[in-house]
Amino acid sequence: MARLTAGVGCSHVPAIGIAMDQGITEQPYWVPAFEGFEFSRKWMKDNKPDVIFLVYNDHCTAFDASCIPTFALGCAAEYHPADEGWGPRPVPVVKGHQRLSSHIAQSVILDEFDLTIMNEMEVDHGLTVPMSIMFGEIAQDDDWPCLVVPLCVNVVQYPPPTGNRCFQLGKAIRRAIDSYDEDLNVMIFGTGGMSHQLQAERAGLINADWDKRFLDMMTEDPIAASQITHEEYLRETGSEGIEMVMWHVMRGALNDKVTEVHRHYHVPASNTAVGHIILENHE
Ligand code: DHB
Ligand code: FE
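Per this note's numbering, the very first residue in the sequence shown carries number 4; after that it's consecutive.
What follows is the structure, encoded as structure tokens:
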């Protein structure tokens, strides 16, 4: 049977991907941000997943304002990198696991979570940057070390889903993974955040105290974390801090009690607070 072995929380700041693609991660600005990923890359090698269930958000790349699904599950054989602004990153095509995607679609939708099924989808920095952070540089004509089932969450246009809805969806995804008949090591990533605001009067806002409390709650009190309101995200973490609702899908899928094996927090990278946590799920 498939086993959900760990959850990873991780920012997706596009400039992190650009720094890797341009080979400038040794510059003083970037060194402290990347130091915190050294443990993670070694840990990924030691605990190599077969599949990552990757919860992320699209930034008007795969979807534009004409259609904005709240939860869109990737069911394709592959997902091509694409991006706004800087163009597609020179990273490998992301390979899917169609049989697992189909199983999750069936299990979760019959469990009464109405997902949108994506048989074709391009993926932007929201997905590729966490992959690069966790696996390091991989040549474009090479393969990522594992398959990916992406779940795209709307955090771009109001109203995004609540933290609680994301947390409950995580539990449904866990039930789906637990009932999959192939022997697979599955990890789940919750990506985006942490505090940042990219526009208007409060552009540049970062709230390190709040972010660190959120990381504590991810480990110790995920139910309380899932009850954080949209108003609190907006007030305390800026307009783009709402990306953190995606971490609740990851946390909801894990056991109540987890082991935090790594944490990294650094400000700033570009306009954003970089937050990262690795939670092991013991049987
Ligand atoms: C930045 C952060 C994001 O989450 C994003 O999607 C785009 C830009 C930034 O900090 O520059
Ligand atoms: Fe973003």
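Backbone N, C-alpha and C fix where the C-beta goes; we use that ideal spot for every residue, glycine too. Note that the coordinates shown come from a computational prediction; the quantities given were computed from them, not determined experimentally.
Simplified DSSP state of residue i, which is helix, strand or coil
| i | result |
| --- | --- |
| Arg177 | helix |
| Met247 | helix |
| Leu57 | strand |
| Ala68 | coil |
| Ala206 | coil |
| Pro225 | helix |
| Arg92 | coil |
| Val126 | strand |
| Ala211 | helix |
| Ala142 | coil |
| Pro271 | strand |
| Pro164 | coil |
| Leu257 | coil |
| Asp114 | coil |
| Pro31 | coil |
| Leu103 | helix |
| Asp49 | helix |
| Tyr183 | coil |
Bridge partner(s) assigned by DSSP for residue i
| i | result |
| --- | --- |
| Val97 | Tyr82 |
| Met280 | A quick correction: the sequence has Ile, not Met, at residue 280. Answer by DSSP bridge pairing, in chain order: Gly12, Arg266. |
| Ala75 | Thr119, Cys155 |
| Met190 | Ala9, Ile55 |
| Gln150 | Residue 150 is actually Leu in this sequence, not Gln. Val54. |
Proximity of residue i and residue j at Cβ, strictly below 8 angstroms
| i | j | result |
| --- | --- | --- |
| Thr321 | Gly129 | As displayed, the chain neither begins before 4 nor continues past 286, which places residue 321 out of reach and without an answer. |
| Met121 | Cys78 | yes |
| Leu257 | Leu282 | yes |
| Ser14 | Thr240 | no |
| Phe74 | Thr119 | yes |
| Val158 | Ile245 | yes |
| Val58 | Gly99 | no |
| Ala127 | Ala85 | The displayed chain sequence assigns Asp, not Ala, to residue 127. Against a cut-off of 8 angstroms, the Cβ pair of Ala85 and Asp127 comes out as a contact. |
| Ala175 | Asp114 | yes |
| Trp46 | Val97 | no |
| Pro93 | Asp24 | yes |
| Thr222 | Val261 | yes |
| His269 | Pro35 | yes |
| Gly12 | His279 | yes |
| Asp61 | Cys155 | yes |
| Pro95 | Asp145 | yes |
Residue i versus the options, residue with shortest Cα-Cα distance
| i | options | result |
| --- | --- | --- |
| His199 | Gly26, Val277, Ala227 | Val277 |
| Gln101 | Tyr183, Ile21, Cys169 | Tyr183 |
| Tyr82 | Asp224, Thr131, Thr73 | Thr131 |
| Gln160 | Arg6, Ala68, Asp224 | Ala68 |
| Trp89 | Leu154, Ile19, Ile107, Pro35 | Ile19 |
| Glu210 | Glu235, Gln230, Asp224 | The amino acid at residue 210 is misidentified as Glu; the sequence shows Asn. Considering only alpha carbons, the answer is Glu235. |
| Asp186 | Val54, Met221, Val11, Pro91 | Val54 |
| Glu123 | Pro153, Gly26, Trp147, Leu113 | Pro153 |
| Gln202 | Ser242, Val270, Thr262 | Ser242 |
| Phe56 | Ser105, Trp33, Asp49, Val264 | Ser105 |
| Pro162 | Pro52, Thr232, Glu115 | Thr232 |
| Arg6 | Met247, Val189, Arg178 | Val189 |
| Cys149 | Glu87, Trp213, Lys51 | Lys51 |
| Pro271 | Gln230, Gly207, Pro225 | Gly207 |
| Tyr32 | His279, Ile280, Glu286, Ser273 | Ser273 |
| Met4 | Arg178, Arg205, His62 | Arg178 |
| Ala142 | Gly26, Cys63, Glu87 | Gly26 |
| Ile107 | Ile226, Phe192, Gly173, Trp213 | Gly173 |
| Glu125 | Gly10, Phe37, Ile112, Leu76 | Leu76 |
contact_flag[the region 162-177, the region 242-253] where n(CB pairs < 8 angstroms) is 3 or more: yes
Cβ pair count under 8 angstroms reaching 3, the region 214-221 against the region 28-46: no
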